[in-house]
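Down below is the structure, laid out as structure tokens.
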Amino acid sequence: MELLNAKHRDYKTRNILTTAERIKVIKAYKRMPNYQRLASTFGCSAKQIKNIISNKDELLRHYDSVRANKLTDEVTNRRQEKIDFLGKVVYEFLLRALYLRMPIGTTIIRQKAFEVKEAIAIENFSPNNVWLLDFKATYNRLDLASMMERLPSDMDQRRSLKCIDIIEYVSQQEREERRKMLTMTKDENCNSVWESDADGSNSSCSYEHTVNNRIDDSGEVFSDADMKSNDDDSVVGTNIEPIVVNLASDDEEESNGGVSLAKAESLNAPSNQSISTQKPISLPPFPDIHSYPEALRHLRVLEDFAMIEENYRAIGLITQLEQIFKNPPKLKSLTH
Numbered sequence: 159m160e161l162l163n164a165k166h167r168d169y170k171t172r173n174i175l176t177t178a179e180r181i182k183v184i185k186a187y188k189r190m191p192n193y194q195r196l197a198s199t200f201g202c203s204a205k206q207i208k209n210i211i212s213n214k215d216e217l218l219r220h221y222d223s224v225r226a227n228k229l230t231d232e233v234t235n236r237r238q239e240k241i242d243f244l245g246k247v248v249y250e251f252l253l254r255a256l257y258l259r260m261p262i263g264t265t266i267i268r269q270k271a272f273e274v275k276e277a278i279a280i281e282n283f284s285p286n287n288v289w290l291l292d293f294k295a296t297y298n299r300l301d302l303a304s305m306m307e308r309l310p311s312d313m314d315q316r317r318s319l320k321c322i323d324i325i326e327y328v329s330q331q332e333r334e335e336r337r338k339m340l341t342m343t344k345d346e347n348c349n350s351v352w353e354s355d356a357d358g359s360n361s362s363c364s365y366e367h368t369v370n371n372r373i374d375d376s377g378e379v380f381s382d383a384d385m386k387s388n389d390d391d392s393v394v395g396t397n398i399e400p401i402v403v404n405l406a407s408d409d410e411e412e413s414n415g416g417v418s419l420a421k422a423e424s425l426n427a428p429s430n431q432s433i434s435t436q437k438p439i440s441l442p443p444f445p446d447i448h449s450y451p452e453a454l455r456h457l458r459v460l461e462d463f464a465m466i467e468e469n470y471r472a473i474g475l476i477t478q479l480e481q482i483f484k485n486p487p488k489l490k491s492l493t494h
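Going letter by letter, the sequence shown gives residues 159 to 494 in the working numbering.
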């Protein structure tokens, strides 16, 4: 019987690594070419590590293909978001035009759509008949009489017909909607915590547990003991920071590894050491860009920042640069 149990333990189910974890194994193998140590690090068998290294070329091709498809999907979704935003801006223009008793026709709608398209730099887009039909279907077939009857009460403060003013107004309205959604989500999380406490088996214990707990802005519950320990830690000077690992490139991994080591040394320092005596940790250098897909990924971050800042001229320039990177003069990776 013991022999059967031993065999059962030997043939227990192993941890099957995901695709992302397998890519980590391939990168880690360059620094630590040891199957057993990698198996111990990733919590799997040495045989699985060996199979991953043996098929690393195929795995890397598959991973690059998946990332390229994901990049294409993100670009498509971003373009659709811009087209939807354009529709909101044009609809706001129509409301203001109706309030000012201006004549409205298909030509005016298309002209305004083209103006907004140029302002927010939508690539490969034209306000043609297909877009116009979709726009009318989205906004109740543009029943101008009904829109005139249901004009908002604050239209007197929304008289400007300038494209940039309407874009800024619609952007502000979307930010307000996102804030409301976040607030509603936080309230639902808080209510779920209260309901779970109210449904406890011991009502008195549940009540005491509710009173002795505090809810922060993110919806998480912290006990008084936890908050007291946090206060003690702040007095001592221990500062635990999250460690973010980005596997975009090997150089970036090495720089993050240095930051992780420095943070680990700071955590192992004596508790009576004050904050002022700790040496500041410098941020890792900006990772090198080795290919056009990596450059496009950084451009998306810049474009998001420009959208938040509502710098539409920068958005147009970034979009032009994005087109250049998508169609490079030579199909080669960027060199240093």
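Using N, Cα and C, we set each Cβ at its ideal position, and we do this for glycine too.
Computed from a predicted model, the values in this text were never measured in an experiment.
Practice item. May I have the straight-line CA-CA distance separating SER223 from LEU229, to the nearest angstrom? Key: Using only the alpha carbons, I get a separation of about 10 Å.
Practice item. Please list, in chain order, all residues of the same chain as LEU425 whose beta carbon is under 6 Å from its beta carbon, the five residues on each side excluded. Key: Any reading at LEU425 must be qualified, since the residue scores a pLDDT of 44, below 50, and its modelled position is unreliable; no value is offered.
Review point. What is the DSSP secondary structure of ALA279, counted as helix, strand or coil?
Key: ALA279: coil per DSSP, three-state reduction.
Check your understanding: Hey, how far is the Cα of VAL328 from the Cα of TYR249?
Key -> Distance between the alpha carbons of VAL328 and TYR249 is about 10 Å.
Check your understanding: Of the residues LEU252, ILE207, ASP242 and ALA204, which one's Cα is nearest the Cα of ALA303?
Key -> Comparing alpha carbon positions, the residue from LEU252, ILE207, ASP242 and ALA204 closest to ALA303 is LEU252.
Review point. From which residue to which residue does the alpha helix (DSSP H) around GLU456 run?
Key: Sequence inspection shows His at residue 456; the Glu mentioned does not correspond to that position. Where HIS456 is concerned, the enclosing alpha helix (DSSP H) stretches over 450-467.
Point to revise | Run of the alpha helix (DSSP H) containing THR234, from where it starts to where it stops | key: It spans 214-257 - the alpha helix (DSSP H) in which THR234 sits, taken as one unbroken run.
Review point. Between which two residues does the alpha helix (DSSP H) carrying LEU302 extend?
Key: Segment 302-307, the alpha helix (DSSP H) holding LEU302.
Check your understanding: Are ALA271 and PHE243 closer than 9 Å when you measure CB to CB?
Key -> Contact: no.
Exercise for review: Can you tell me which of LEU457, PRO310, ASN469 and GLU467 puts its alpha carbon nearest to the alpha carbon of LYS126?
Suggested key: Since the displayed the chain opens at 159 and closes at 494, residue 126 lies outside it and no answer follows.
Review point. Under 9 Å, do ARG237 and ASN282 count as touching if we go by C-beta distance?
Key: Yes; because the gap between Cβ atoms is below 9 Å, this pair is in contact.
**Study point:** Buried or exposed by the 16-neighbour rule on C-beta atoms within 10 Å, applied to GLN331
**Key:** Under this definition GLN331 is an exposed residue.
Practice item. Please name the residue in LEU319, ILE207, MET313 and GLY201 whose C-alpha comes closest to that of ILE266. Key: Selected option, being the one with the closest Cα: LEU319.
Practice item. Give the straight-line distance between the Cα atoms of ALA255 and ARG455, rounded to the nearest whole angstrom. Key: Here the alpha carbon of ALA255 sits roughly 40 Å from the alpha carbon of ARG455.
Review point. Between LEU175 and GLN194, which are expected to be in contact by the criterion C-beta below 8 Å, what is the C-beta distance as a whole number of angstroms?
Key: LEU175 to GLN194, Cβ: 16 Å. No contact.
Check your understanding: Beta-carbon separation of GLY474 and ILE278 under 9 Å?
Key -> A contact, by the Cβ cut-off of 9 Å.
Exercise for review: Work out the CA separation of ILE184 and ILE210 for me, nearest whole Å.
Suggested key: If you take the alpha carbons of ILE210 and ILE184, they lie about 7 Å apart.
Review point. Mapping DSSP to helix, strand and coil, what is THR176?
Key: THR176: coil per DSSP, three-state reduction.
Practice item. Tell whether a beta-carbon distance below 9 Å holds between VAL247 and ILE325. Key: Yes, the pair counts as a contact, with Cβ atoms nearer than the cut-off.
Review point. When the Cα of GLU216 is compared with those of ILE181, GLU452 and LEU460, which residue comes out closest?
Key: Of the candidates ILE181, GLU452 and LEU460, ILE181 places its Cα closest to the Cα of GLU216.
Review point. Under 9 Å between the Cβ atoms of TYR470 and ILE322?
Key: Cβ distance < 9 Å, so TYR470 and ILE322 count as in contact.
Check your understanding: What do you reckon, are the CB atoms on GLY263 and THR296 nearer than 9 Å?
Key -> No, the Cβ-Cβ distance between GLY263 and THR296 is not below 9 Å.
Practice item. Find out if the Cβ-Cβ distance for the pair GLU461, ILE476 is shorter than 9 Å. Key: Yes, the pair counts as a contact, with Cβ atoms nearer than the cut-off.
Check your understanding: Is the beta carbon of TYR221 less than 9 Å from the beta carbon of ARG316?
Key -> Against a cut-off of 9 Å, the Cβ pair of ARG316 and TYR221 comes out as no contact.
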